[in-house]
Amino acid sequence: MGASTPGVMTVPVHHGMFCWFEHRSDAPERAVEFWTALVGGEHAAIPLPCGSTMHMMSAGAHHRWSLRALAGCPRPLIDRGPHWLPFVAVDDADAAHARALERGARTITAPEENGMGRGAIIEDPLGAALGLFTAAPGATDGVNPHGHGFMCWSELVTPDPRASAEFLAHVLGWTAAEKDMGDFSVTIASANGHPVASLWKRPADDPHPWKRARWYPYVQVDAIDPAAARARALGATLPCDIMPIPGVGRWQPTIDPTGCETALLEPALPPTP
């Protein structure tokens, strides 16, 4: 690990690890205002060849995520409404896409070059959308930054965690194991021994309007109480109170003013030796 921006640690990205997140909504400018006010940092508006604009959020030397309008996206993404689309780094986007189709996924966008590498977007057999991406040599810095205002975890809400884990194992090579969290258990997925995501069974009282399988990311914050209060003041919906996750930290589900589902996480301090 290393640090090139104060307070930010970096981890090299390898096959099977999340490498990027896109926020898609009907009001990307509103989302930029919300997230900049909540976690700070900078942003830049980048015109795209298709005529739309990509908003890039950054902190110091590190990019955080991109935001863009739903208009102009493939119909299966538009039909989802506001959402986050995560991308997983893969050694070969075409091969990973083919493996996904073997197990019942459908193509949202076929593998194609995008100026930074080669990527595809799939819908898995249970309905969750996921991006697959192979970076071109030297096109990215090849690291995931960790710290305040950066993505720190990914969660899949699915009607069948076991089936989802089997699909992701075939496509990405992930392994999965049940973890006892005290009052409940969760499936933790790992890439080459590195935990990357949790897989939760979608509850019958799911508060999200989709009522379907979906990914959403966690954004790390230094202090969850003021961050949650600030998010609410900025127009976010908080479906429940702050909750402790044993051994992980304190967690606040959050739906931003554009309708995108996220969670804020204040990581637990490491145990004192």
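Counting along the sequence shown from 1, when you hit position 255 you're at 258 in my numbering, and nothing is skipped either side.
Note that the Cβ used here is the ideal one computed from N, Cα and C, for glycine as well.
None of the values given here were measured: they were computed from a predicted structure.
### Query
Whose C-beta lies closer than 7 Å to the C-beta of Asp95 among residues of the same chain, with five residues either side of it excluded?
Here residue 95 refers to the residue found at position 92 of the sequence shown. Within the same chain, Asp95 has close Cβ partners Thr137.
### Task
Give, in chain order, every unbroken run of the beta strand (DSSP E) that is at least 3 residues long and sits entirely within the region 116–152.
120–126, 132–138, 146–149
### Query
Using the rule of at least 16 other Cβ atoms within 10 Å of the residue's Cβ for burial, across every protein chain shown, is Pro249 buried or exposed?
In the sequence shown, the residue the question calls residue 249 occupies position 246. Pro249 should be labelled exposed.
### Message
Taking the alpha helix (DSSP H) that Pro31 belongs to, which residues open and close that run?
### Response
Counting from 1 along the sequence shown, the entry for residue 31 is found at position 28. Here the alpha helix (DSSP H) through Pro31 covers 31–42.
### Task
Check His17 in the structure and name its three-state DSSP category.
If you number the sequence shown from 1, residue 17 lands on position 14. Correct three-state label for His17: coil.
### Query
The beta strand (DSSP E) spanning Ile81 covers which residue range?
Position 78 of the sequence shown, counted from the first residue, corresponds to residue 81. If you look at Ile81, you'll find it isn't in any beta strand (DSSP E); it sits in the alpha helix (DSSP H) that goes 78–81.
### Member of Thr112, Arg205, Cys243 whose CA lies at the smallest distance from the CA of Arg78
Position 75 of the sequence shown, counted from the first residue, corresponds to residue 78. Checking every option, the nearest Cα to that of Arg78 belongs to Thr112.
### Message
In the DSSP output, which residue or residues are listed as bridge partners for Ser167?
### Response
Along the sequence shown, read from residue 1 onward, the residue named residue 167 stands at position 164. For Ser167, which the question treats as bridged, DSSP gives no partner whatsoever.
### Message
Measuring CB atoms only, is the region 34–46 touching the region 96–109, in the sense that at least three cross pairs come out at less than 8 Å?
### Response
no
### Task
State buried or exposed for Ile49, treating a residue as buried only when at least 16 other CB atoms are found within 10 Å of its CB.
Position 46 of the sequence shown, counted from the start, is the residue given in the question as residue 49. Looking at its Cβ environment, which holds fewer than 16 other Cβ atoms inside 10 Å, Ile49 is exposed.
### Query
Is the beta carbon of Trp135 sitting closer than 8 Å to the one on Ser167?
Walking along the sequence shown from the start, residue 135 turns up at place 132. Walking along the sequence shown from the start, residue 167 turns up at place 164. Rather than Trp, the amino acid found at residue 135 in this sequence is Leu. Contact flag unset, no.
### Message
Looking at Val224: is its Cβ nearer than 8 Å to the Cβ of Leu267?
### Response
Position 221 of the sequence shown, counting from 1, holds the residue named residue 224. Position 264 of the sequence shown, counting from 1, holds the residue named residue 267. Contact flag set, yes.
### Message
Within 10 Å of its beta-carbon, does Glu264 have 16 or more other beta-carbons around it, so buried, or fewer, so exposed?
### Response
For this step, residue 264 is matched to residue 261 along the sequence shown. Counting Cβ neighbours within 10 Å, Glu264 comes out buried, since at least 16 surround it.
### Message
At the level of alpha carbons, what is the spacing between Arg215 and Trp156?
### Response
On the sequence shown, residue 215 is found 212 positions in, with the first residue counted as 1. On the sequence shown, residue 156 is found 153 positions in, with the first residue counted as 1. Near 20 Å, if we compare the C-alpha coordinates of Trp156 and Arg215.
### Query
So the beta strand (DSSP E) Pro89 belongs to, where does it begin and stop?
Along the sequence shown, read from residue 1 onward, the residue named residue 89 stands at position 86. Where Pro89 is concerned, the enclosing beta strand (DSSP E) stretches over 86–92.
### Query
Taking the alpha carbon of Ser277 as the point to measure from, which residue in Ala232, Asp163, Ala234, Ala236 has its own alpha carbon closest?
This structure leaves residue 277 out entirely; the chain is present only between 4 and 276.
### Query
Roughly how far, in whole angstroms, is the beta-carbon of Arg27 from the beta-carbon of His66, given that I think they are within contact range, below 8 Å?
Counting from 1 along the sequence shown, the entry for residue 27 is found at position 24. Counting from 1 along the sequence shown, the entry for residue 66 is found at position 63. 17 Å between Cβ atoms; not a contact.
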